[in-house]
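Taking the working numbering, the leading residue of the sequence shown gets 1380, the next gets one more, and so forth. Glycine residues also receive a C-beta, built at the ideal position from the N, C-alpha and C atoms.
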Amino acid sequence: MKFNMDLIPGKLIRRYKRFLSDIELEDGSIVVAHCTNSGSMKTCIEEGAPVYLSPAKDPKRKTKFTWEMIFIHNHWIGINTSIPNLLVYEAIRDQKIAGINKYTEVKREVQFGNSRFDVYAENDQEKCFIEVKNVTMKVGNKALFPDAVTTRGQKHLKTLMEVKKEGMRAIMFYVIQRQDIHSFGAASEIDPHYAMALKEAYEMGVEIFPYIAQVSPKGIELTQKLPFTI
């Protein structure tokens, strides 16, 4: 997925109030950028680190920029949590993901019961609901999710289990927007209820797809499926 605009370089001064960040641009000016990531971002914040921003499309928006990525430990880490949904949708639509490359119809934001799934795919043989999560946290060489308690995430797993009960395919897809990791797992110390729900979902047949996304100022691409532990 290529960025359809030129990104703006800067460096991080601070992140605050969860959704705001102060960024120093190359000309020395300070701007406020929107941070779409509501998590703790425990392992992807470093004051003074290089960042890239995108300009807001809506001229009436209070914050004129969105924080897209940060450069830490010789890697770009994707910050924008709205990217993974589109990234996964395009990859499945274009049949680029092994194991999810046999569908003739792919849609975004499809209703199931009282929930709305990020991606839906079908062919003559089966229907498949896919929930997508953004991952930035790591411990050692392992990517972990979530980085904060997520009751919403727990609900999504329970709904995926309902999908399986009705005889359809259910996938939990984790987009890991960093390359300095070798495996994936649930952050049980942060949200033990989510970890238990993920284990239950996996045992019920919900499939887990943790994928590294290669992030750069030119664009973002899904590159490698990772092993995982439950």
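Exercise. Inspect the CB distances between the region 1533-1552 and the region 1579-1590 and report whether three or more fall short of 8 Å.
Key: yes
Quiz prompt | Terminal residues of the beta strand (DSSP E) in which T1602 lies | solution = 1598-1604
Practice problem: List the endpoints of the continuous beta strand (DSSP E) containing I1456. | Solution: 1454-1457
Quiz prompt | Other residues of its chain near N1513: CB distance less than 6 Å, five sequence neighbours each side excluded | solution = T1460, P1463, V1554
Self-check item: Same chain, Cβ closer than 6 Å to A1574, neighbours up to 5 away in sequence not counted
Solution: Excluding sequence positions up to five before and after A1574, its CB lies within less than 6 Å of the CB of A1565, S1567, all in the same chain and listed in chain order.
Quiz prompt | Touch test, the region 1522-1535 against the region 1477-1486, Cβ-Cβ under 8 Å, three pairs minimum | solution = In this structure the region 1522-1535 does not touch the region 1477-1486; the number of beta carbon pairs closer than 8 Å is below three.
Quiz item: DSSP three-state call for P1571: helix, strand or coil?
Solution: Reduced to three states, the DSSP call for P1571 is helix.
Self-check item: Presumed contact (8 Å Cβ cut-off) between I1550 and I1479, rounded CB distance
Solution: 7 Å
Practice problem: Tell me, please, which residues DSSP counts as bridged to S1494. | Solution: F1491
Quiz item: Does the pairing of the region 1412-1432 with the region 1381-1392 give three or more beta-carbon distances under 8 Å?
Solution: Verdict: yes, contact present.
Exercise. Run the CB neighbour count on G1598, radius 10 Å, all protein chains shown included, and call it buried at 16 or more, exposed below.
Key: exposed
Quiz item: Taking the alpha carbon of M1380 as the point to measure from, which residue in S1417, D1406, I1471 has its own alpha carbon closest?
Solution: I1471
Practice problem: Look at the Cβ atom of V1528, then the Cβ atom of D1570, and state whether they are nearer than 7 Å. | Solution: Contact flag set, yes.
Quiz prompt | M1508 versus D1406: straight-line alpha-carbon distance, rounded | solution = Reading the sequence as shown, one finds Phe at residue 1508 and not Met. About 46 Å.
Practice problem: Would you decide whether D1526 is buried or exposed? Buried here means 16 or more other CB atoms lie within 10 Å of its CB. | Solution: So D1526 ends up on the buried side.
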